[in-house]
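> Just passing along the structure, written as structure tokens.
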Amino acid sequence: WLKRYLNFGPERPLWCFVADELLAHRAVSADLNVDEALRYNTYLQSWAPYQSALNLKSKDLATMMAVGRKYGVRAEAIAIDREILDTMPIWHHKFSDGDRRLFNSPENVVSCLKDKHRLRWVKDARELANKAGSNRHTHRVDCRCAACRVTRAITGCGHPHKCYLKAQALLNSIEDKWDPRVMQPEDYIRKNLLRDQEPTAHEDENTADFDTRVTTKGTLADVFRIFTNDESNGAHTAPTTKFANEQQPMITVFTDGSAIDNDTEDVKAGAGVFFGDGDTRNKALRVPEMLGPSNQVGEVLAIKEAIEAAPLDAPL
Ligand SMILES: [Zn+2]
Ligand SMILES: [Zn+2]
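First residue of the sequence shown? That's 1 in full-length UniProt numbering, and the numbers climb one at a time after it.
Shown next, in the form of structure tokens:
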């Protein structure tokens with residue numbers, strides 16, 4: 001149920017929209033200052049509904065929400081495609097550090113954005129904020145630039161410049177990872193490391209390119225992760241996985257794991273990494289107790305150590 005509820009694609013079942021309305025109607029009292037018309041989804045925004053069946057007036061909804069809490073369902077990804085970032089609600093954005101005041105005041109500008117501009121999503125805010133940079137735009141309330149004239153004509157807005165600035169402020173409150181205006185890993189040029197150079201004897205059907213852009217694509221439904229822990233992710237920006245421009249030579253590393261008394265209490269396991277004769281990066285490691293020693297863990301540990309010891313931008 002929860003998975004279907006969090007499917008924001010075109011196939012989203014009708015009951016999900018009913019659930020959205022019911023949950024929006026039952027926001028906890030601390031969040032009553034979030035305009036009910038702007039409460040889209042608690043997973044995408046910084047307001048919460050009541051949790052008990054009694055308060056939600058629905059046992060099914062309460063159960064569904066309880067599952068999400070119990071198993072740590074939340075929006076989380078290493079890096080996110082700009083098309084997805086654009087579809088997040090701009091109001092009370094989950095990853096905004098803005099307080100309620102940012103979203104509620106000044107009242108005349110906020111209601112102009114909501115009612116006249118019909119500002120709803122990050123994309124709307126981005127497009128509106130962009131108008132402040134239009135050719136010949138001035139800060140005057142009666143600015144005659146093309147962007148302001150069109151904005152006035154379509155929306156009836158009385159102070160376009162103020163609305164552009166507010167849209168900018170809303171966007172500025174979003175952390176970089178969720179801000180479509182900043183450089184994101186998807187902007188990096190894809191290094192097709194293996195295809196760029198002559199195939200070698202080591203390349204076979206087991207060789208795979210690692211896409212360094214590490215970007216989640218698709219729809220909002222694709223940014224949800226389950227079994228996360230309670231701590232929020234400290235990474236507010238996407239990682240830098242930009243590679244050097246010049247092609248590095250292919251490196252071959254040999255790895256292995258092994259265990260004595262595998263599958264017993266007394267199991268002892270080790271990992272080995274071999275770059276070549278006399279190479280200082282060669283390693284022989286005992287698999288520590290905390291990793292739960294086994295032959296398989298030894299194999300994986302050896303691979304992890306090899307990757308960490310090898311240059312980041314060389315095909316491995
Ligand atoms: Zn203007
Ligand atoms: Zn306006």
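Just so you know, even glycine gets a beta-carbon here, dropped at the ideal spot from N, CA and C. None of the values given here were measured: they were computed from a predicted structure.
Check whether the region 58-78 and the region 31-41 are in contact - that is, three or more C-beta pairs closer than 8 Å.
no
> Below 8 Å on the Cβ atoms is my contact criterion, and I expect Pro293 with Ala269 to pass it. Report the Cβ-Cβ distance as a whole number of Å.
A Cβ-Cβ distance of about 4 Å is found for the pair Pro293 and Ala269, placing them in contact under the 8 Å criterion.
> Pairs of beta-carbons, one from the region 84-99 and one from the region 135-142, closer than 8 Å: are there three or more?
no
> Rounding to the nearest angstrom, what Cα-Cα distance links Leu194 and Arg118 in this structure?
In this predicted model, Leu194 has a pLDDT of only 49, less than 50, meaning its place in the structure is not dependable enough to derive any value.
> Measuring CB atoms only, is the region 149-167 touching the region 179-186, in the sense that at least three cross pairs come out at less than 8 Å?
Touching, no, given that fewer than three Cβ pairs across the two stretches are closer than 8 Å.
> Whose beta carbon lies closer than 5 Å to any heavy atom of ligand 1, going through the chain in order?
His137, Cys143, Cys145 and Cys148
> CA-CA distance, Thr215 and Arg181?
16 Å
> By Cβ distance, which residues of its chain are closer than 7 Å to Asp20, with the 5 residues on each side in sequence left out?
Tyr40 and Asn41
> With Leu220 and Ile84 assumed to form a contact (beta carbons below 8 Å), what rounded beta-carbon distance in angstroms separates them?
Taking the Cβ atoms as the reference, Leu220 lies roughly 6 Å from Ile84, within the contact range of under 8 Å.
> Starting from Arg307, trace the alpha helix (DSSP H) in both directions and tell me its first and last residue.
Note on residue identity: the sequence assigns Ile, not Arg, to residue 307. Looking at the DSSP string, the run of the alpha helix (DSSP H) that includes Ile307 is Asn295 to Ala309.
> Report yes or no: do three or more beta-carbon pairs, one from the region 122-129 and one from the region 66-76, lie closer than 8 Å?
In short, these stretches do not touch, since the Cβ pair count stays below three.
> Taking only three categories from DSSP, how would you classify Gly257?
For Gly257, the three-state secondary structure derived from DSSP is strand.
> Is Lys166 close to chain B? Criterion is C-beta to C-beta, closer than 7 Å.
Included in the structure is just one protein chain, with no chain B present.
> When DSSP labels each residue in this structure, what does His159 get in the three-state scheme?
His159: coil per DSSP, three-state reduction.
> Between residue 317 and Val273, how many whole angstroms is the CB-CB distance? I'm expecting something under 8 Å.
The structure shown does not extend to residue 317, since the chain is modelled only from 1 to 316, so the question has no answer here.
> For Arg74, which of helix, strand or coil comes out of DSSP?
strand
> Count the other CB atoms, across all protein chains shown, that sit within 10 Å of the CB of Gln45; report buried if there are 16 or more and exposed otherwise.
buried
> Where does Leu312 sit, in a helix, a strand or coil, going by DSSP?
coil
> For my contact list, Ala271 and Leu301 are in at a C-beta cut-off of 8 Å; report their separation, rounded to the angstrom.
4 Å
> Can you check which of these residues, Trp47, Asn295 and Thr87, is closest to Ala30 by C-alpha distance?
Trp47
> What did DSSP end up calling Lys57 once you bin it into helix, strand or coil?
coil
> So, is Arg126 buried or exposed, given that buried needs 16 or more other C-beta atoms within 10 angstroms?
Using a 10 angstroms sphere on the CB of Arg126, the tally of other CB atoms reaches 16 or more, which defines it as buried.
> Say yes only if the C-beta of Cys112 is nearer than 6 Å to one or more non-hydrogen atoms of ligand 2, and no if none qualify.
yes
> With a threshold of 6 Å, establish whether the CB of Cys157 neighbours any heavy atom of ligand 3.
What this structure holds is ligand 1 and ligand 2, not ligand 3.
> Look at the alpha carbon of Ala66 and the alpha carbon of Phe275, and state the distance between them as a whole number of angstroms.
50 Å
> What first and last residue would you give for the alpha helix (DSSP H) that runs through Ala19?
Leu14 to His25
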